[in-house]
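Numbering follows the numbering used here, with no gaps: position 90 of the sequence shown is 383. Heads up, the beta-carbon is just placed ideally off N, CA and C, and yes, glycines get one too.
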Amino acid sequence: MYMYRNVYTHETICKRGINMSIFRVAIHYGVNSNGVLSYDTDTKTVTVDLPEQEWIDKVRAYLNEDHAIEHATGLDTYERLTVKPLESLDNFKLALTRMWEAIDVQVDWSRPA
């Protein structure tokens with residue numbers, strides 16, 4: 294079975310068309326503490342891989358809380374959304390855009406996970 298990585302959606306896809314439903318993104322905190330978040334769209338669960346348990350707990354707590362987010366719908370228009378990060382992949386991605394400001398963990402969107 295041939296597998297490849299779709300760099301646009303971060304999903305691993307099988308040549309036969311089976312979507313393995315894992316979204317991965319690189320994260321870091323501090324100067325050089327790197328890790329990975331893996332979100333399973335089927336089970337709606339997240340795996341956090343970071344060097345220190347304290348930071349793993351911070352990320353898990355953040356992703357398990359509801360967040361009120363001002364989401365841009367135009368150049369100068371916003372709508373307030375209540376986001377449950379683990380409810381869907383779109384909610385997960387939206388919550389990740391605010392994670393750095395909330396808990397000092399930055400998403401490295403361009404770095405391979």
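If we ignore side chains and look at the alpha-carbon of each, how far apart do residue i and residue j end up?
{"i": "residue 357", "j": "residue 350", "result": "11 Å"}
{"i": "residue 372", "j": "residue 383", "result": "16 Å"}
{"i": "residue 406", "j": "residue 317", "result": "6 Å"}
{"i": "residue 375", "j": "residue 361", "result": "4 Å"}
{"i": "residue 389", "j": "residue 379", "result": "11 Å"}
{"i": "residue 398", "j": "residue 352", "result": "8 Å"}
Let me know if residue i comes out buried or exposed under the rule of 16 or more other beta-carbons within 10 Å of its beta-carbon.
{"i": "residue 367", "result": "exposed"}
{"i": "residue 348", "result": "buried"}
Identify the continuous beta strand (DSSP E) that holds residue i and give its terminal residues.
{"i": "residue 319", "result": "315-322"}
Could you please give the first and the last residue of the uninterrupted alpha helix (DSSP H) stretch that includes residue i?
{"i": "residue 350", "result": "346-356"}
Quiz item: Taking three-plus beta-carbon pairs below 8 Å as touching, is the segment 316-323 in contact with the segment 332-345?
Solution: Verdict: yes, contact present.
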